[in-house]
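Presented below is the structure to which this report refers.
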Amino acid sequence: MARNPLRSEAEAFRFVLLTAGYFALIVAAAAIGRWIGVAMFLLLTGLAIWRLTRSAEAEPRERTSVPHRGGADVRRILVVANETVGGGELLDVLRRRAEGVREEVLVVTPALNSPLRRWASDED
């Protein structure tokens, strides 16, 4: 999996400075001589590739699973719904999923506005 080098603003700023330095060194070497510029390009590009591959190997892998919280009979259910939140089909699915276990249900739904209310109010 590729590592994103721009995880924060500080890393993005560092990347910009390193990129500016990379091109400045190549241009300065090319001003001395064409082949020196080519050699500098190859050297710096090889160094950058080596650095990126080395840091990707040394980086610990991210955990892909989260430990289960609560008892063995507790099931957490996240519902992301819009108009279907009040429908019978959604309730049937939730009942089937929660059979034989205690369930904790979290429902996330947007504020449903009519087109008229959307145009007439200050809510988005």
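Everything in the sequence shown is counted per my numbering, starting at 641 for the first residue and increasing by one.
All residues carry an ideal CB built from backbone N, CA and C; glycine is no exception.
The closest CA to that of N753, considering only V741, E723 and L730, is found on E723. Bounds of the alpha helix (DSSP H) holding V733 are G728 to R737. For R709, no alpha helix (DSSP H) run applies, since DSSP gives it neither H nor E.
Comparing alpha-carbon positions, the option among G710, L658 and S648 lying closest to E743 turns out to be G710.
A Cβ-Cβ distance of about 7 Å is found for the pair V748 and V719, placing them in contact under the 8 Å criterion. One alpha carbon belongs to A668, the other to A688, and they sit about 18 Å apart.
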